[in-house]
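K.L.:
Below you'll find the structure I mean.
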Amino acid sequence: EAQVTQNPRYLITVTGKKLTVTCSQNMNHEYMSWYRQDPGLGLRQIYYSMNVEVTDKGDVPEGYKVSRKEKRNFPLILESPSPNQTSLYFCASTREGEKLFFGSGTQLSVL
Amino acid sequence: RKEVEQDPGPFNVPEGATVAFNCTYSNSASQSFFWYRQDCRKEPKLLMSVYSSGNEDGRFTAQLNRASQYISLLIRDSKLSDSATYLCVVNGGGYNKLIFGAGTRLAVHP
Numbered sequence: 001e002a003q004v005t006q007n008p009r010y011l012i013t014v015t016g017k018k019l020t021v022t023c024s025q026n027m028n029h030e031y032m033s034w035y036r037q038d039p040g041l042g043l044r045q046i047y048y049s050m051n052v053e054v055t056d057k058g059d060v061p062e063g064y065k066v067s068r069k070e071k072r073n074f075p076l077i078l079e080s081p082s083p084n085q086t087s088l089y090f091c092a093s094t095r096e097g098e099k100l101f102f103g104s105g106t107q108l109s110v111l
Numbered sequence: 112r113k114e115v116e117q118d119p120g121p122f123n124v125p126e127g128a129t130v131a132f133n134c135t136y137s138n139s140a141s142q143s144f145f146w147y148r149q150d151c152r153k154e155p156k157l158l159m160s161v162y163s164s165g166n167e168d169g170r171f172t173a174q175l176n177r178a179s180q181y182i183s184l185l186i187r188d189s190k191l192s193d194s195a196t197y198l199c200v201v202n203g204g205g206y207n208k209l210i211f212g213a214g215t216r217l218a219v220h221p
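Chains as they are written, first to last, in my numbering: chain Z, 1 to 111; chain A, 112 to 221.
See the structure below:
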């Protein structure tokens, strides 16, 4: 089944404790992206990647890192999480001409 | 001004009603337009693309007005299962640059 797998589904952590949210897709998509969703603001793009070893900042990259060492994986790294990074996060993938496939989301709470 | 703006709602309608949402966008160079549906705290799913000539998919009709820079979604004969948030999505330049509206919430009641 074609899918984007995102883990964990829920995560509660404390300020400053490094964390990684994983994202993996099995559709051989070149393009992958991370979004955060906050009430009243819609989905905002954090980082995206057009292919292996190619990543670019989205609209709200501060406080986040990503890597794309393999085509299928695109982890989101928070080196030192802060409470303002409490949000609902989505990973997505696609290729040109196709729709966006989303992961099921990660609800992150930073205390 | 936000790049993509939607009325947040909620739109509370009875079953069987017809309801319409509008969405305005600021970038006149935008080329692709979509409506996504999102159920509470779940991932967005593509409802339909919006074509220049307008398009219909069952009870759903999407329209694009380039002159006024807005797109619309019309839902006829609303069902309880249509209750969700509808996200307007505009391509801001390349398939990698999709800009999401904050969404319009629809609640269909018996």
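Glycine included, every Cβ here is placed at the ideal spot set by N, Cα and C. On a predicted model such as this, the values are computed, not experimentally measured, just so you know.
From this set, A:200, A:183, A:187, which residue's C-alpha is nearest residue 132 of chain A's C-alpha?
P.N.:
On the second sequence, position 21 is the one that residue 132 of chain A refers to. Among A:200, A:183, A:187, the Cα nearest to that of residue 132 of chain A belongs to A:183.
K.L.:
Are any of the Cβ atoms in chain A nearer than 9 Å to that of residue 57 of chain Z?
P.N.:
Here the question's residue 57 of chain Z lines up with position 57 in the first sequence. Taking Cβ atoms only, chain A never reaches closer than 9 Å to residue 57 of chain Z, which makes this a no.
K.L.:
For residue 92 of chain Z, is the classification buried or exposed, using 16 other Cβ atoms within 10 angstroms of its Cβ as the cut-off for buried?
P.N.:
As a first step, residue 92 of chain Z is located in the first sequence; it is residue number 92 there, counting from the start. With 16 or more other Cβ atoms within 10 Å, it is buried.
K.L.:
Just to make sure I have the definition right: I need the residues of chain A whose C-beta is within less than 9 Å of the C-beta of residue 116 of chain Z. Which are they?
P.N.:
There is no way to answer for residue 116 of chain Z, as the model of chain Z reaches only from 1 to 111.
K.L.:
Are the Cβ atoms of residue 35 of chain Z and residue 58 of chain Z separated by less than 9 Å?
P.N.:
The residue labelled residue 35 of chain Z in the question sits at position 35 within the first sequence. The residue labelled residue 58 of chain Z in the question sits at position 58 within the first sequence. Against a cut-off of 9 Å, the Cβ pair of residue 58 of chain Z and residue 35 of chain Z comes out as a contact.
K.L.:
Quick check: what's the CA-CA separation for residue 170 of chain A versus residue 69 of chain Z?
P.N.:
Position 59 of the second sequence, counted from the first residue, corresponds to residue 170 of chain A. Position 69 of the first sequence, counted from the first residue, corresponds to residue 69 of chain Z. Roughly 44 Å separates the two Cα atoms.
K.L.:
For residue 121 of chain Z, which option in Z:73, Z:54, Z:20, Z:48 has the closest C-alpha, if you only look at C-alpha atoms?
P.N.:
One cannot answer for residue 121 of chain Z here, as it falls past the ends of chain Z, which runs 1 to 111.
K.L.:
Any idea what DSSP makes of residue 198 of chain A, helix, strand or coil?
P.N.:
One-based indexing of the second sequence puts residue 198 of chain A at position 87. Note: residue 198 of chain A maps to strand in three-state DSSP.
K.L.:
For residue 198 of chain A versus residue 142 of chain A, is the C-beta distance shorter than 9 Å?
P.N.:
If you number the second sequence from 1, residue 198 of chain A lands on position 87. If you number the second sequence from 1, residue 142 of chain A lands on position 31. No, these two residues do not count as a Cβ contact at 9 Å.
K.L.:
Is there a C-beta anywhere in chain Z that falls below 9 Å from the one on residue 112 of chain A?
P.N.:
The residue given as residue 112 of chain A occupies position 1 in the second sequence. False, the Cβ-Cβ gap to chain Z never drops below 9 Å.
K.L.:
Short of 6 Å in beta carbon distance, which residues of its chain neighbour residue 24 of chain Z, apart from the five on each side in sequence? Order them along the chain.
P.N.:
Mapped onto the first sequence, residue 24 of chain Z falls at position 24. Around residue 24 of chain Z: 5, 72, 73.
K.L.:
Going along the stretch 115-129 of chain A in order, which residues come within less than 9 Å of chain Z, judged by CB to CB distance?
P.N.:
Interface annotation for the stretch 115-129 of chain A against chain Z: 115, 117, 119, criterion Cβ-Cβ distance under 9 Å.
K.L.:
Can you name the residues of chain A whose CB is closer than 9 Å to the CB of residue 74 of chain Z?
P.N.:
Stepping through the first sequence from its first residue, residue 74 of chain Z is reached at position 74. Correct list: empty, because the minimum Cβ distance to chain A is about 13 Å.
K.L.:
At which residue ranges does the stretch 34-85 of chain Z contain complete beta strand (DSSP E) runs of 3 or more residues, listed in the order of the chain?
P.N.:
Whole beta strand (DSSP E) segments, 3+ residues: 42-51, 54-57, 76-78.
K.L.:
Could you confirm whether any beta carbon from chain A is found closer than 9 Å to the beta carbon of residue 24 of chain Z?
P.N.:
For the purposes of this step, residue 24 of chain Z is taken as residue 24 along the first sequence, with counting starting at 1. By this cut-off, residue 24 of chain Z is not an interface position.
K.L.:
Listed in chain order, which residues of the stretch 36-57 of chain Z have Cβ atoms closer than 7 Å to some Cβ of chain D?
P.N.:
No chain D is present in this structure, whose protein chains are Z and A.
K.L.:
Using a C-beta cutoff of 9 Å, does residue 213 of chain A count as contacting chain Z?
P.N.:
Translated into the one-based positions of the second sequence, residue 213 of chain A becomes position 102. Chain Z contact via Cβ: present.
K.L.:
Give the straight-line distance between the Cα atoms of residue 48 of chain Z and residue 13 of chain Z, rounded to the nearest whole angstrom.
P.N.:
In the first sequence, the residue the question calls residue 48 of chain Z occupies position 48. In the first sequence, the residue the question calls residue 13 of chain Z occupies position 13. C-alpha separation (whole angstroms): 24 Å.
K.L.:
Label residue 154 of chain A either buried or exposed according to how many other C-beta atoms from any shown protein chain fall within 10 Å of its C-beta, with 16 as the threshold for buried.
P.N.:
Locating residue 154 of chain A in the second sequence gives position 43, where the first residue counts as 1. When all chains shown are included, residue 154 of chain A counts as buried.
K.L.:
Could you tell me whether the stretch 91-108 of chain Z touches the stretch 28-46 of chain Z, where touching means 3 or more Cβ pairs closer than 8 Å?
P.N.:
Judged by Cβ distances under 8 Å, the stretch 91-108 of chain Z makes contact with the stretch 28-46 of chain Z, as three or more pairs qualify.
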